[in-house]
Amino acid sequence: MYLKALNEIIDLLDKGGHEHWKKWFLLAKEYYVDGNHEKSFKKVLGAYGGMGSFNDVFWNLFNDDFERLEYLKGEIWRYSKSKL
2 MYLKALNEII DLLDKGGHEH WKKWFLLAKE YYVDGNHEKS FKKVLGAYGG MGSFNDVFWN
62 LFNDDFERLE YLKGEIWRYS KSKL
């Protein structure tokens, strides 16, 4: 579930032109694929909270993509939080 969600988030961020967040989640994916799961989960959780965080972005996506991204944001946060 986690890797699939990361891939989908990365694709949606690319679609919306959000290069900074795309790179952020690509790095989280790289950590995970390399076997450093804890570092990946920490990277994901680091995106949430504070001014200018992943929660504060205007996504520039059409409705279906926006709704999917919002869903995935919650799922990936909950999953990462549960693993630490």
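This note's numbering puts the first residue of the sequence shown at 2, with every later residue one more than the last.
Heads up, the beta-carbon is just placed ideally off N, CA and C, and yes, glycines get one too.
Open item on the list: Beta-carbon within less than 7 angstroms of residue 40's beta-carbon, same chain only, minus the 5 sequence neighbours each way: which residues are those?
Closed with: Here residue 40 refers to the residue found at position 39 when the sequence shown is read from its first residue. So the list reads 32, once near-sequence residues are dropped.
Task: Among 69, 44, 29 and 75, the one whose alpha carbon lies nearest that of residue 13 - done: Counted from its first residue, the sequence shown places residue 13 at position 12. Nearest option by C-alpha distance: 69.
Task: Residue range of the alpha helix (DSSP H) that includes residue 48 - done: Position 47 of the sequence shown holds residue 48. No alpha helix (DSSP H) contains residue 48, which DSSP labels as neither H nor E.
Task: residue 48 versus residue 22 - alpha carbon distance - done: Numbered from 1 along the sequence shown, position 47 holds the residue referred to as residue 48. Numbered from 1 along the sequence shown, position 21 holds the residue referred to as residue 22. Their Cα atoms are separated by approximately 8 angstroms.
Task: Under the three-state DSSP convention, the category residue 42 falls into - done: Residue numbering aside, residue 42 sits at position 41 when the sequence shown is read from its first letter. In this structure, residue 42 counts as helix in the three-state DSSP scheme.
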